[in-house]
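Below: the structure, in structure tokens.
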């Protein structure tokens, strides 16, 4: 069946569609219904089924005779090591850790915070929690003590599982002092902390509270899988909220299993046994969905990568990993590909590696600009697929379903809505917009399985954040349009649509144009306050390595390019060259913070920022063009 017939089958009978997809999961009790709409608009899926995530991700593959297959490859160019763990080994390791947690009193519904770097033990901790019905909350390793404390107070964990340190190129990130500081700051105190001691740094344990990862498990009875209700939370994942307080996205167990398993073949086109790699971090939603759960539930081999796209040791590290481990489908953020392109614009490193097993590159996490896609298509000679989803949804809202049918690629579009998502473009009054018109992207309720049913302990905030602006719809917070063929275009976050003299303009469209300049490796456009026109666009340009032309010359060409392609209506007159852009650790550009700097507004330092020093550089750059002057 092709995409259209599958999408129509879902639309005609969503209940039958998702119950059929649920048959691919091992249930202790198969659900009697897919959707529960009794508390609409707070919908739940498969809530009367009984199921266990860890069984589906680990045990069933061992029971099915595939215990000798590699489940996890840990590839760490930072330490120069590669470590492979089979499904049989993974089952023993996870059951042992789960047994130790159970022996210390962790039971179904208890929360456990996981604060770890990119090591297999992070996945083992996640799976051990799901094995006994505990609810995990992974906090990005190395997050500041204050941010960790906020999350401790919100989800009130019985235990915290942490590593002694994380490793970055050229430095060790000391996790333990951050953890100790967070526990001191938090009102809620965990009963105990499990510390995985890495050989690069052995942390000092707090007597009576901290236990060593290995000693903790010594002599403990391994735990069996505990079945939980389909609507039982598998995990809480905090996403930054506009108020500064983090939002705890809840992931329900049953829908999570069904949706992720469906996506592995239909979207990413991998079969059980294939090697799948998502180059992300366990602290982000991609790490949850497509490093840990999706590949393991589907019976794939997953890669846990501790490195960077460039600098560990060079811009060929992605291609080495793909070649060495015979990766079939690879998923990363556009910012990672831009970093590779900037260092190796001609793709010279590719020539060193055999990529014959590699079929498709998938991009998500931010807008994939056409220039980056075209470069990747050219050097890889393979499909480059943009797709779009959010922490809240847990899997693709829009994608090119390569396992169903490879649809024509339209550069600049993440393609079409996936089954379960009725995506619409609405005006400010909530009315549907005609094809090609820019508006707010919303999804008609109910959302499909695997998406958030609520926020942790914040039902009213959930409704206010997502369901109130457009009654009957989930508000994505993104702006865009749908063309006559049903292809979706994500142009910007809703607050990145700027109003220049009454014209609503997408900063994303301007970024597309700027990125097409041969000397520009990466760029960002923000709207700054202007007395006359309301807002004016300002472009920030990072140049390709080796470009030595005068910056003024390049900026003038960039301004002309935008005026030629978008027109004088864009009022694009200001561009500035910078060495780097402020980003989150997952690669998103912090445009809203840049706007506040330009407009001399107070701002809260983003918890997820990769390097706070960049904000001072941005302020100085803005001052050279007459902004950010207090």
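Residue numbers (the numbering used here): 71 to 700.
Cβ atoms here follow ideal geometry from the backbone N, Cα and C, with glycine treated the same way.
Quick test of your reading: residue i and residue j, contact by CB under 8 angstroms. State the CB separation rounded to the nearest angstrom.
i           : j           : result
residue 148 : residue 237 : 5 angstroms
residue 137 : residue 156 : 6 angstroms
residue 374 : residue 307 : Residue 374 to residue 307, Cβ: 18 angstroms. No contact.
residue 105 : residue 85  : 6 angstroms
residue 727 : residue 483 : This structure cannot speak to residue 727, because the chain is shown only from 71 to 700.
residue 292 : residue 166 : 5 angstroms
residue 486 : residue 73  : 7 angstroms
residue 592 : residue 437 : Wrong, their Cβ atoms sit about 12 angstroms apart, outside the cutoff.
residue 92  : residue 352 : Contact doesn't hold; Cβ gap of about 26 angstroms is too wide.
residue 455 : residue 430 : 6 angstroms
What would DSSP say about residue i, mapped onto helix, strand or coil?
i           : result
residue 216 : helix
residue 254 : helix
residue 612 : strand
residue 387 : helix
residue 85  : helix
residue 135 : helix
residue 275 : coil
residue 312 : Low per-residue confidence applies at residue 312: pLDDT is 47, beneath 50, and the placement is therefore not dependable enough to give any value.
residue 621 : helix
residue 284 : helix
residue 346 : strand
residue 538 : coil
residue 78  : helix
residue 479 : coil
residue 245 : helix
residue 707 : No information on residue 707 is available, as it lies outside the stretch 71 to 700 that the chain covers here.
residue 91  : helix
residue 686 : helix
residue 671 : coil
residue 490 : coil
residue 697 : coil
residue 708 : Because the chain here runs from 71 to 700, residue 708 falls outside it and cannot be looked at.
residue 358 : helix
residue 225 : helix
residue 569 : strand
residue 123 : helix
residue 603 : coil
residue 376 : coil
residue 628 : helix
residue 485 : coil
residue 651 : coil
Tell me the residue span of the beta strand (DSSP E) that contains residue i.
i           : result
residue 146 : 140-146
residue 543 : 543-552
residue 532 : First-last for residue 532: 529-532, but that is the alpha helix (DSSP H), not the beta strand (DSSP E).
residue 496 : 493-496
residue 509 : 509-514
residue 597 : 590-600
residue 159 : Note, residue 159: premise wrong, no beta strand (DSSP E); alpha helix (DSSP H) at 157-173.
residue 644 : 644-647
residue 526 : Segment: none, residue 526 is in no beta strand (DSSP E) and carries neither H nor E.
residue 205 : 205-208
List the endpoints of the continuous alpha helix (DSSP H) containing residue i.
i           : result
residue 581 : 577-585
residue 325 : 323-336
residue 199 : 190-201
residue 412 : 404-413
residue 661 : 661-668
residue 367 : 364-368
Does the pairing of the region 415-431 with the region 380-396 give three or more beta-carbon distances under 8 angstroms?
yes
Suppose only complete runs of 3+ residues qualify. What are the beta strand (DSSP E) ranges in the region 425-474, listed by chain order?
430-433 and 454-456
Assess contact between the region 330-349 and the region 363-381, defined as three or more Cβ pairs (one per stretch) separated by less than 8 angstroms. Is contact present?
yes
Count the C-beta pairs between the region 165-180 and the region 91-111 that are closer than 8 angstroms, then say yes if the count reaches three, no if not.
no
Touch test, the region 583-592 against the region 626-636, Cβ-Cβ under 8 angstroms, three pairs minimum
yes
Indicate whether the contact test is met: 3 or more Cβ pairs, each with one atom in the region 542-555 and one in the region 493-510, closer than 8 angstroms.
yes
Segment contact flag, the region 217-237 with the region 186-203, C-beta cutoff 8 angstroms, min 3 pairs
yes
Whether or not the region 473-492 and the region 514-524 are in contact is what I'm after, with contact meaning three or more pairs of Cβ atoms, one per stretch, closer than 8 angstroms; do they touch?
yes
Validate contact between the region 654-665 and the region 611-624 using beta carbons, cut 8 angstroms, 3 pairs
no
With a cut-off of 8 angstroms, do at least 3 Cβ pairs link the region 274-290 to the region 105-115?
no
Specify whether the region 240-255 and the region 267-281 touch according to this definition: at least 3 beta carbon pairs, one from each stretch, less than 8 angstroms apart.
yes
Indicate whether the contact test is met: 3 or more Cβ pairs, each with one atom in the region 320-337 and one in the region 467-481, closer than 8 angstroms.
yes
Is the region 294-305 in contact with the region 257-266, if contact means three or more CB pairs nearer than 8 angstroms?
no
Assess, as a yes-or-no matter, whether the region 674-691 is touched by the region 644-651 under the definition of 3 or more beta carbon pairs within less than 8 angstroms.
yes
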